[in-house]
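Engineer: Chains as they are written, first to last, in this note's numbering: chain A, 867 to 1259; chain B, 867 to 1259.
Beta carbons: idealized from backbone N, C-alpha and C, even for Gly.
There are 2 protein chains.
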Amino acid sequence: MKITRRDFSRMVGLGTGAQWLPRIPFVAQDRRIGYCIVGLGRISMQHFMPAVKMSNKSRITAVVSGHRDKAERMAAEYGVPSGSIYNYENYDEIAKNPDIDAVYIALPNSMHADYSIRAAKARKHVLCEKPMATSVEQSRAMIQACESARRKLMIAYRCQYEPANLRAVQLIREGKLGSIQSIESAFGFPIAPNEWRLDKKLSGGGPLVDVGIYCLNACRYLTGAEPSGVKGFSSVVDQDGRFAQVEETLSWTMEFPGGALASCTCTYGSPMPGYFRVRGSRGTVIVEPAFNYDKLHLLAQFEDGQTLELAPDDPDPTQFLREADHMADCILQNKEPKTSGQEGLRDMVLISQIYRSCERTSRVPARMQSRDNLDNVRGVVVANRVHSAPDSG
Amino acid sequence: MKITRRDFSRMVGLGTGAQWLPRIPFVAQDRRIGYCIVGLGRISMQHFMPAVKMSNKSRITAVVSGHRDKAERMAAEYGVPSGSIYNYENYDEIAKNPDIDAVYIALPNSMHADYSIRAAKARKHVLCEKPMATSVEQSRAMIQACESARRKLMIAYRCQYEPANLRAVQLIREGKLGSIQSIESAFGFPIAPNEWRLDKKLSGGGPLVDVGIYCLNACRYLTGAEPSGVKGFSSVVDQDGRFAQVEETLSWTMEFPGGALASCTCTYGSPMPGYFRVRGSRGTVIVEPAFNYDKLHLLAQFEDGQTLELAPDDPDPTQFLREADHMADCILQNKEPKTSGQEGLRDMVLISQIYRSCERTSRVPARMQSRDNLDNVRGVVVANRVHSAPDSG
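(1) Using the rule of at least 16 other Cβ atoms within 10 Å of the residue's Cβ for burial, across every protein chain shown, is S1051(A) buried or exposed?
(2) Is it buried or exposed, T1131(B), if we count other Cβ atoms within 10 angstroms and call 16 or more buried?
(3) By a C-beta neighbour count over all protein chains shown, 10 Å radius and 16 as the cutoff for buried, is W1118(B) buried or exposed?
(4) Among H1192(A), M920(A) and F1099(A), which has the Cα closest to the Cα of A1093(B)?
(5) Rounding to the nearest angstrom, what Cα-Cα distance links P1073(B) and A917(A) in this structure?
(6) Might you give, ordered along the chain, the residues of its own chain that have their beta carbon closer than 7 angstroms to the beta carbon of A1022(A), omitting 5 neighbours on each side?
(7) Leaving out the 5 sequence neighbours to the left and right, which residues in its chain are closer than 7 angstroms to T927(A) when beta-carbon positions are compared?
(8) Would you kindly work out how many angstroms separate the C-alpha atoms of E1040(B) and W1062(B), rounded to a whole number?
(9) Measure the C-alpha to C-alpha separation of G907(A) and Y944(A) and round it to an integer number of angstroms.
(10) Would you verify that the beta carbon of V1112(A) is, or is not, closer than 8 angstroms to some beta carbon of chain B?
(11) Alpha carbon to alpha carbon, how far is T1173(A) from A1030(A)? Give it in angstroms, no decimals.
(12) Hey, quick one: how far does the beta strand (DSSP E) through P1139(B) stretch, first residue to last?
(13) Could you tell me how far apart the beta carbons of C1025(A) and Q1185(A) are, in whole angstroms, since I believe they sit closer than 8 angstroms?
(14) Rounded to a whole number of angstroms, what is the C-alpha to C-alpha distance between P1059(B) and R1108(B)?
(15) Contact defined as beta carbons within less than 8 angstroms: I believe F1157(A) pairs with Y1080(A). What is the distance between those atoms, to the nearest angstrom?
(16) Run through the region 1157-1221 of chain B for me and flag every whole beta strand (DSSP E) of 3 or more residues, listed as ranges in chain order.
(17) If distances are taken between C-alpha atoms only, which option among G1210(A), V1002(A), R1143(A) and M920(A) comes closest to L1043(A)?
(18) Take A1084(A) and list the residues in its own chain whose beta-carbon comes closer than 8 angstroms to its own, dropping the five residues that flank it on each side.
(19) In this structure, what does DSSP give as the bridge partners for C994(A)?
(20) Leaving out five residues before and five after H1192(B) in sequence, what residues of the same chain have Cβ atoms less than 7 angstroms from its Cβ?
(21) Use the C-beta contact count for E1175(A): other C-beta atoms within 10 angstroms, 16 or more gives buried, fewer gives exposed.
(22) Is Q1026(A) close to chain B, meaning its C-beta is less than 8 angstroms from at least one C-beta of that chain?
(23) For V904(A), I'd like the list of residues in its chain whose CB is within less than 7 angstroms of its CB, leaving aside the five on either flank, ordered along the chain.
(24) Per DSSP, which one or two residues make a beta bridge with T1150(A)?
(25) Quick one: Cα of G1095(B) to Cα of G1125(B), how far?
(26) Near G1090(B), which residues of its chain fall below 6 angstroms by C-beta distance, leaving aside the five closest residues on each side in sequence?
(27) Under 8 angstroms, Cβ to Cβ, is there at least one residue of chain B near M1138(A)?
(28) Based on the DSSP output, what are the partners of C929(A) in its beta bridges?
(29) Could you round the C-beta distance between Q1047(B) and V1103(A) to whole angstroms and report it? I think they count as a contact, below 8 angstroms.
(30) Here's the rule: buried if 16 or more other CB atoms are within 10 angstroms of the residue's CB, otherwise exposed. What is H1018(A)?
(31) Quick check on Q1010(A) - is its C-beta less than 8 angstroms from some C-beta in chain B?
(32) State the Cα-Cα distance for the pair S1005(A) and G1210(A), rounded to the nearest angstrom.
(33) For R1016(A) and P1056(A), what's the separation of their Cα atoms in angstroms?
(34) Taking the alpha-carbon of G1078(B) as reference, which of K1066(B), E1113(B), D1065(B) and V1002(B) has the nearest alpha-carbon?
(35) Helix, strand or coil, according to DSSP, for Q895(B) in the structure here?
(36) Taking just the CA atoms, how far does S1147(A) sit from R954(B)?
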């Protein structure tokens, strides 16, 4: 009996074969994982697909798009046969295509769960962009669908495969910064009107789910811990029609077991290059920009006066390449992805808790907001103490 | 009848004379305001006193210290007669010294109220370091004592007299940044054991009252508004005995009327040069460092690609000089100080609200803190929704 690489992979995935085959990593140099790209937008066409082109573990074998001309152009560029071009009507036919091992879902957030679950039913592994879905319930359904089909589910947290971010994590784990006190992180950009991200049915939320999730996820991989509490405020400053459905700006704090605190801000209202700053008792590491596609920059300063600087590569496409290859490795070696569905679910739960905290106001009594009326502060404070417990942070 | 400058000042202060004298600014080139320095520590000896030496509106005319030798050394340096050297036992005798117009209180926080109120009773104007006191009640008592004595009360918020901070405020007021979305600000340093700041009876609190107050005050002068809500977390990471009485690190968020949000962190556990970053729809202004004694640096970036940079003066002692001279101007011209007792009181009220918010936990259910146990997230979320209202932010 000759077992091909693909047969083996399937048998392991189905739970057959794994019992009687030795559990050694199966390093297959003879073939690459075939990705079906679902959604031809900027992140697919400008970042993920060019990175896969550089890979010796992954390749593009199919595309799904509502625009046939764009799909054909991409297919030609990546050597995808015309029979492997799909649209949103015939998407489920990917099940019949043996050249597709995995899908890469780069659609509006509200479509992530449906297209991931259908991919799992088609027995394809799933690499899904973040946020993984628009609700905790959808996220759980995605995890269950992939578990039932014994397919991998990985969330495309590209920064967890990016060298400067990984170096920051390494410095912390090695104790180079001493005890971690705090993290400051922010990410934002001024959004154009009519972006799908402003439609809550498509996005599931505002900047928190889109860019704030980078700060949230960074605080978790930097500390290596899960927040024990979250508190925040959300707001709309610009009453220009863009923010009828989602917040414009959101700031929140988090506490971690052991006492590290995080303070984060995200916005659709102003330019705000993503960054994080980790403060420890014996040093600081600043990655700024931290979440861009390239030209990231790390500066660490230690108590002995030493510094470490990682200057930007220009360009640095390795984060998408490493992400695609990690997924390929997980499929080929039957490993759980580092950024699994569970990892995505944790962020979804925290996002829902941050939003819930924002709904709870912690108001300074109106009398005290005026610059002219602080005469009776003692009375106000006493009143606040009595009445504020249910709605104060 | 010849009215000397000093007589006039006293008459105005006492409420006599002001009725029948024309209310024109009285610019006295013939004399300088005499300061009695109360507390000879670093900020007095290394910053305030050298700045006053450069002034043509202010001078040092007396000192109060528990260390006679240090007091005599300072007196010699600043031309203070030995009869104008006081200690903490005979402090109230400053009432009899006509060369003292005002006191500069640079004592541990818990002594601010007592020494300010006694100065007012001695009919001296008061310039008091921040935080103005260790409680809202003390702050109100200081304001009332100075009002009753018709003396000025100014809190030494030196950054409100510092050129880079003022330029940031000006850019915002002129609309150069568009609508303000958010402010990030932080300030901290690793504290040595046995500092008086770690004794809550002397300090009234941890880094929030000492360095966090810079961030808090900055958010208020940058927005020109009062926060409508505050939420925060405080913590102790280093269990090394330093933080038995006060927090080590505190992060908090604030919302302002109109929707601007602030996100701040302060710490005694790690180096954290003070800064703020103001994000507007049309530009950003970053002052970093923002709260140091010198070498401040401002960088503004506007949507048209223009930038504005204020490079550091080396050294820049003007913030203390401007602060001392503003107090002198207020005394000479009978004006309310820009950073009055009311300004200090607002911060004290907000500090007490931030501390109160920190006492209210907003916990993620313990089951969800483990990286291994997210199996029943839906159940946890539902439970949290039902039970968390009273203690969630």
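Structural biologist: Short version:
(1) For the purposes of this step, residue 1051(A) is identified with residue 185 of the first sequence, where counting begins at 1. Buried.
(2) For the purposes of this step, residue 1131(B) is taken as the residue at position 265 of the second sequence. By the 10 Å Cβ count, T1131(B) comes out buried.
(3) For the purposes of this step, residue 1118(B) is taken as residue 252 along the second sequence, with counting starting at 1. The residue in question, W1118(B), is buried, as its Cβ has 16 or more Cβ neighbours within 10 Å.
(4) As a first step, residue 1093(B) is located in the second sequence; it is residue number 227 there, counting from the start. The sequence shown places Pro at residue 1093(B), rather than the Ala named in the question. That would be F1099(A), whose Cα lies nearest to the Cα of P1093(B).
(5) Taking the first residue of the second sequence as position 1, residue 1073(B) is located at position 207. Taking the first residue of the first sequence as position 1, residue 917(A) is located at position 51. Rounded to whole angstroms, P1073(B) to A917(A) spans 46 angstroms at the Cα level.
(6) The count along the first sequence starts at 1 and reaches residue 1022(A) at position 156. Only L993, C994, E995, K996 and E1189 meet the Cβ criterion.
(7) Residue numbering aside, residue 927(A) sits at position 61 when the first sequence is read from its first letter. So the qualifying residues of the chain are G900, Y901, C902, V946, S950, D965 and I966.
(8) By 1-based counting over the second sequence, the position of residue 1040(B) is 174. By 1-based counting over the second sequence, the position of residue 1062(B) is 196. Taking the straight line joining both Cα atoms gives about 42 angstroms.
(9) Position 41 of the first sequence holds residue 907(A). Position 78 of the first sequence holds residue 944(A). Distance between the alpha carbons of G907(A) and Y944(A) is about 15 angstroms.
(10) Residue 1112(A) sits at position 246 when you count from the first residue of the first sequence. Cβ-Cβ to chain B under 8 angstroms: no for V1112(A).
(11) For the purposes of this step, residue 1030(A) is taken as the residue at position 164 of the first sequence. For the purposes of this step, residue 1173(A) is taken as the residue at position 307 of the first sequence. Roughly 15 angstroms between the two C-alpha positions.
(12) Position 273 of the second sequence, counting from 1, holds the residue named residue 1139(B). M1138 to G1146 is the span of the beta strand (DSSP E), which, as asked, contains P1139(B).
(13) Counting from one through the first sequence, the residue named residue 1025(A) turns up at place 159. Counting from one through the first sequence, the residue named residue 1185(A) turns up at place 319. Their Cβ separation, rounded to whole angstroms, is 7 angstroms, which keeps C1025(A) and Q1185(A) in contact under 8 angstroms.
(14) Counting from one through the second sequence, the residue named residue 1059(B) turns up at place 193. Counting from one through the second sequence, the residue named residue 1108(B) turns up at place 242. C-alpha separation (whole angstroms): 6 angstroms.
(15) For the purposes of this step, residue 1157(A) is taken as the residue at position 291 of the first sequence. For the purposes of this step, residue 1080(A) is taken as the residue at position 214 of the first sequence. By a beta-carbon distance limit of 8 angstroms, F1157(A) contacts Y1080(A). Their separation comes to about 4 angstroms.
(16) 1164-1168 and 1173-1176
(17) The sequence position of residue 1043(A) within the first sequence is 177, counting from 1. When only C-alpha atoms are compared, the closest one is R1143(A).
(18) Here residue 1084(A) is taken as the residue at index 218 of the first sequence, counted from 1. Sequence-distant Cβ neighbours of A1084(A) in its own chain, meaning closer than 8 angstroms and more than five residues away, are C1025, N1031, I1049, S1051, F1142, A1156 and F1157.
(19) Numbered from 1 along the first sequence, position 128 holds the residue referred to as residue 994(A). Beta-bridge partners of C994(A) (DSSP): I971(A) and I1021(A).
(20) On the second sequence, residue 1192(B) is found 326 positions in, with the first residue counted as 1. The residues are Y1027, P1203 and K1204.
(21) Translated into the one-based positions of the first sequence, residue 1175(A) becomes position 309. The residue is exposed, with fewer than 16 neighbouring Cβ atoms inside 10 Å.
(22) Taking the first residue of the first sequence as position 1, residue 1026(A) is located at position 160. False, the Cβ-Cβ gap to chain B never drops below 8 angstroms.
(23) Your numbering for residue 904(A) matches position 38 in the first sequence. These residues qualify, in order along the chain: V930, V969, Y970, I971, A972, L973 and Y981.
(24) As a position in the first sequence, residue 1150(A) is number 284, starting the count at 1. Looking at the DSSP assignment, T1150(A) forms a beta bridge with R1145(A) and Q1167(A).
(25) Residue mapping note: residue 1095(B) aligns to position 229 of the second sequence, counting from 1. Residue mapping note: residue 1125(B) aligns to position 259 of the second sequence, counting from 1. Taking the straight line from one Cα to the other gives about 11 angstroms.
(26) Within the second sequence, the letter at position 224 stands for residue 1090(B). If we look at G1090(B) and ignore the five residues flanking it on each side, it has no Cβ neighbours.
(27) Translated into positions along the first sequence, residue 1138(A) becomes position 272. So yes, M1138(A) belongs to the interface.
(28) To locate residue 929(A), count along the first sequence from 1; it is residue 63. Looking at the sequence itself, residue 929(A) is Val, so the reference to Cys does not match. Under DSSP, V929(A) shares a beta bridge with I903(A) and I951(A).
(29) In the second sequence, the residue the question calls residue 1047(B) occupies position 181. In the first sequence, the residue the question calls residue 1103(A) occupies position 237. About 6 angstroms; that satisfies the 8 angstroms criterion.
(30) The residue labelled residue 1018(A) in the question sits at position 152 within the first sequence. It is Lys, not His, that sits at residue 1018(A) in the sequence shown. Counting Cβ neighbours within 10 Å, K1018(A) comes out buried, since at least 16 surround it.
(31) Position 144 of the first sequence, counted from the first residue, corresponds to residue 1010(A). Output row for Q1010(A): interface = no.
(32) Numbered from 1 along the first sequence, position 139 holds the residue referred to as residue 1005(A). Numbered from 1 along the first sequence, position 344 holds the residue referred to as residue 1210(A). S1005(A) and G1210(A): Cα-Cα distance of roughly 8 angstroms.
(33) Residue 1016(A) sits at position 150 when you count from the first residue of the first sequence. Residue 1056(A) sits at position 190 when you count from the first residue of the first sequence. Distance between the alpha carbons of R1016(A) and P1056(A): 41 angstroms.
(34) Within the second sequence, numbered from 1, the residue matching residue 1078(B) stands at position 212. Just measuring C-alpha positions, the residue of K1066(B), E1113(B), D1065(B) and V1002(B) sitting nearest G1078(B) is E1113(B).
(35) Walking along the second sequence from the start, residue 895(B) turns up at place 29. Unreliable positioning characterises Q895(B) in this predicted model, as indicated by a pLDDT of 47, which lies under 50. The coordinate reading is nonetheless provided below. Looking at Q895(B) - three-state DSSP - the assignment turns out to be coil, as it is neither helix nor strand.
(36) Within the second sequence, numbered from 1, the residue matching residue 954(B) stands at position 88. Within the first sequence, numbered from 1, the residue matching residue 1147(A) stands at position 281. According to the sequence shown, residue 954(B) is Tyr rather than Arg. C-alpha separation (whole angstroms): 37 angstroms.
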